[in-house]
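Asker: Structure in structure tokens, see below.
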Amino acid sequence: ARMYESRAAWASGNYQKEEQKAKLAIAATVDSHEKAVGYYWLGVSANRQGRPQEALRYQKEAITLDPQYAPPYSSLSLAYSVLGKHEDAKINANQCIKLNPNYAWCYYALAVVQYNTGSTTQALQMFEKAHEIDPLSIDLKNTLDNIKLQMKKNNK
Numbered sequence: 018a019r020m021y022e023s024r025a026a027w028a029s030g031n032y033q034k035e036e037q038k039a040k041l042a043i044a045a046t047v048d049s050h051e052k053a054v055g056y057y058w059l060g061v062s063a064n065r066q067g068r069p070q071e072a073l074r075y076q077k078e079a080i081t082l083d084p085q086y087a088p089p090y091s092s093l094s095l096a097y098s099v100l101g102k103h104e105d106a107k108i109n110a111n112q113c114i115k116l117n118p119n120y121a122w123c124y125y126a127l128a129v130v131q132y133n134t135g136s137t138t139q140a141l142q143m144f145e146k147a148h149e150i151d152p153l154s155i156d157l158k159n160t161l162d163n164i165k166l167q168m169k170k171n172n173k
């Protein structure tokens, strides 16, 4: 239940509350997958609060606990992107896709790498794929709209 509370806090943009709920969830479970989910949400919170080094630690812990759980790879990729480590970001985004090709945030993470390295056409395709997989995500929709607007401005 605490994991759902953590995710709900993330959805509402309350990243401090998300972090608190994830820590409570980790403390309350002995199952390695559930702990991995908790560390994933801690990493997401750290990313959203501009703490990429901390996000790396949490996501690596999640992957150690459950290497087949795809979401930490997307968040790890985003942290590496913020740090300018594009090759590491690309490797993790691709691993996320390999583990779960139906998880929108894998494609989002790859799109960020592509966009940051100047492959804007490929990035747009990945942002569109992420939005296609999860059309109800406001974050994905807003990002896609912003990328399209930026690309339109750059082509003028």
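If you count by our numbering, then the sequence shown holds residues 18 to 173, one letter each, in order.
Every residue gets a Cβ at the ideal spot worked out from N, C-alpha and C, and that includes glycine.
None of the values given here were measured: they were computed from a predicted structure.
#1: Alpha carbon to alpha carbon, what distance is there between L41 and H148?
#2: Give me, in chain order, the residues of the same chain whose beta-carbon lies closer than 7 Å to that of N64; leave out the 5 immediate sequence neighbours on both sides.
#3: Please report the straight-line C-alpha distance between E35 and A79, rounded to a whole angstrom.
#4: For Q85, which residues of its own chain have a beta-carbon under 8 Å away from its beta-carbon, when the five flanking residues on both sides are left out?
#5: Measure from the alpha carbon of V130 to the alpha carbon of each residue in P118, N172, N119, N111, then state which is nearest.
#6: By Cβ distance below 7 Å, which residues in the same chain neighbour T81 in space, the five residues on each side in sequence not counted?
#7: Of the choices R68, K169, V54, whose alpha-carbon is the least far from that of Q33?
#8: Need the endpoints of the alpha helix (DSSP H) that P69 sits in, please.
Answerer: Inspection of the coordinates gives the following:
#1: By one-based count along the sequence shown, residue 148 stands at place 131. By one-based count along the sequence shown, residue 41 stands at place 24. H148 and L41: Cα-Cα distance of roughly 31 Å.
#2: Stepping through the sequence shown from its first residue, residue 64 is reached at position 47. Counting only Cβ-Cβ distances below 7 Å, and skipping sequence neighbours, we find A72, S92, L95, A96.
#3: Mapped onto the sequence shown, residue 35 falls at position 18. Mapped onto the sequence shown, residue 79 falls at position 62. One C-alpha to the other measures close to 16 Å.
#4: Here residue 85 corresponds to residue number 68 of the sequence shown, with the count starting at 1. Excluding sequence neighbours, Q85 sits near L116.
#5: In the sequence shown, residue 130 corresponds to position 113, counting from 1. Nearest C-alpha to V130: N111.
#6: For the purposes of this step, residue 81 is taken as residue 64 along the sequence shown, with counting starting at 1. So the list is empty, once near-sequence residues are dropped.
#7: The count along the sequence shown starts at 1 and reaches residue 33 at position 16. The residue from R68, K169, V54 with its alpha-carbon nearest to that of Q33 is R68.
#8: Here residue 69 refers to the residue found at position 52 of the sequence shown. Its alpha helix (DSSP H) spans residues 69-82.
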